[in-house]
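For reference, the structure is listed below as structure tokens.
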Amino acid sequence: MERRGAAAATAGPQRPGARGRNDQGRRHGTATAHRRRPSLTRTSRHGRIADQASIRSGGFAGGRAARRATLPRVTRYLVVPGRGVPSPDHWSRSWVRDHPEYQWAPEPPGPPYVAAERVAALHAAISADSEPAILVAHSAGCLTVAVWASQHVGPVQAALLVTSPYVDPDWTPAPHETVDVFIGHVPREPLPFRSIVVASHNDPHATFAQCEAYARDWGSELFDAGAVGHLDSKTGFGPWPDGERLVRSLAQRPPASTNA
Numbered sequence: 047m048e049r050r051g052a053a054a055a056t057a058g059p060q061r062p063g064a065r066g067r068n069d070q071g072r073r074h075g076t077a078t079a080h081r082r083r084p085s086l087t088r089t090s091r092h093g094r095i096a097d098q099a100s101i102r103s104g105g106f107a108g109g110r111a112a113r114r115a116t117l118p119r120v121t122r123y124l125v126v127p128g129r130g131v132p133s134p135d136h137w138s139r140s141w142v143r144d145h146p147e148y149q150w151a152p153e154p155p156g157p158p159y160v161a162a163e164r165v166a167a168l169h170a171a172i173s174a175d176s177e178p179a180i181l182v183a184h185s186a187g188c189l190t191v192a193v194w195a196s197q198h199v200g201p202v203q204a205a206l207l208v209t210s211p212y213v214d215p216d217w218t219p220a221p222h223e224t225v226d227v228f229i230g231h232v233p234r235e236p237l238p239f240r241s242i243v244v245a246s247h248n249d250p251h252a253t254f255a256q257c258e259a260y261a262r263d264w265g266s267e268l269f270d271a272g273a274v275g276h277l278d279s280k281t282g283f284g285p286w287p288d289g290e291r292l293v294r295s296l297a298q299r300p301p302a303s304t305n306a
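The number in my numbering is simply the position in the sequence shown, starting from 1, with 46 added.
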């Protein structure tokens, strides 16, 4: 299968067993919530980790097998859609369709995007079970997660935040806009759980630097996906194996804190 993303330089010493992999993007680590945020460090897209602490804690490469064996198996994944309705071949639809442990939170209603309603629906889905969930959000769904985390607590282990659109703090929607003004005030404090922000170099809804700022403010790692547009079916995603690897990396790490 053709791999997407811009090539990146190797970050740090090569781990044993990592030879022969193509490094087609970078992920940058920031501190987890409630810790002082250091400068972003670089990792490769396919698992070489420059930060040795990330390896010891079960980072993108999965950590040590013995440590993985002690972690609870995650069986609940909540997919948080963006403003519109994902097309039938969108990667999020295939994940929900093909994996019974994935479900919508909420079912994509399409425009208009009323943030308070989306946040309430996400809270209901999270609260429906005491088992910690991993959130997988795309586009405006990332903002839904940020607003939810600023207002509620619940059993969330981690979140994958994919191509979040940038909203200027002083933005006010025009009358025809399908996003309400509430989402214009995006919370920028650290999230109380582990998270990865996936950023694109040619996303029409946010620059790479704007996504990098989100990652710093939210205490997230930053994954450089390359030039992948808005990472939707219009740009060929479709199947998204890198996303599946990122979700697995979050499932293989212990929670950063308890958000319950």
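We put the CB at the ideal spot given by N, CA and C, even for glycine.
Around the Cβ of Q203, are there at least 16 other Cβ atoms within 10 angstroms (buried) or fewer (exposed)?
So Q203 ends up on the buried side.
Between which two residues does the alpha helix (DSSP H) carrying A259 extend?
Where A259 is concerned, the enclosing alpha helix (DSSP H) stretches over 254 to 264.
Use the C-beta contact count for A170: other C-beta atoms within 10 angstroms, 16 or more gives buried, fewer gives exposed.
Exposed, by the Cβ-count rule.
Suppose the cutoff is 6 Å on Cβ atoms and the five residues either side in sequence are ignored; what does the same chain contact list for P178 look like?
So the list reads P201, Q203, once near-sequence residues are dropped.
Using the rule of at least 16 other Cβ atoms within 10 Å of the residue's Cβ for burial, across every protein chain shown, is H145 buried or exposed?
Result: exposed.
Enumerate in chain order the residues of its own chain whose CB-to-CB distance from Q256 is below 8 Å, with the five nearest sequence positions on each side excluded.
Taken in chain order, the residues that qualify are Y212.
Check each candidate in L124, Y123, V131 and name the one with the smallest Cα separation from D278.
Of the candidates L124, Y123, V131, the one whose C-alpha sits nearest the C-alpha of D278 is V131.
Along the alpha helix (DSSP H) that carries A192, what are the first and last residues, could you check?
186 to 197 is the extent of the alpha helix (DSSP H) around A192.
Relative to the C-alpha of Y123, which candidate in K280, E163, L206, R234 has its C-alpha closest?
Y123 has its Cα closest to that of L206, out of K280, E163, L206, R234.
Using CA atoms only, rank isn't needed, just tell me which of A261, D175, W141 is closest to A232.
Note that residue 232 is Val in the sequence shown, not Ala. That would be A261, whose Cα lies nearest to the Cα of V232.
I need the DSSP call for W150, collapsed to helix, strand or coil.
Correct three-state label for W150: strand.
Going straight from the alpha carbon of V142 to that of Y148, what length do you get?
Distance between the alpha carbons of V142 and Y148 is about 5 Å.
Could you name the residues that DSSP lists as bridge partners for F239?
DSSP output for F239 lists no bridge partner at all.
Evaluate contact between the stretch 270 to 277 and the stretch 187 to 197, counting only Cβ atoms and requiring at least three cross-stretch pairs below 8 Å.
Touching, no, given that fewer than three Cβ pairs across the two stretches are closer than 8 Å.
Report all residues from its chain with a CB closer than 7 Å to the CB of H247; omit the five preceding and five following residues, and keep chain order.
Cβ within range, chain order: A52, F254, G272, A273.
Could you tell me the distance, in whole angstroms, from the CA atom of E258 to the CA atom of L292?
Computed Cα separation, rounded: 17 Å.
Whole angstroms are fine: how far does the CA of D249 sit from the CA of T209?
Near 7 Å, if we compare the C-alpha coordinates of D249 and T209.
Closest to K280 by C-alpha separation, out of D135, V165, R119, P157, would be which residue?
Closest option to K280, Cα to Cα, is D135.
Starting from I180, follow its DSSP beta bridges and name the residues at the other end.
DSSP output for I180 lists Y123, A204 as bridge partner(s).
Within the same chain, show all residues whose beta-carbon is closer than 8 Å to that of E48, passing over the 5 residues directly before and after it, in chain order.
Any answer about E48 is weak, because its pLDDT of 40 lies below 50 and its placement is not dependable; what the coordinates show is given next. Answer for E48: no residue qualifies.
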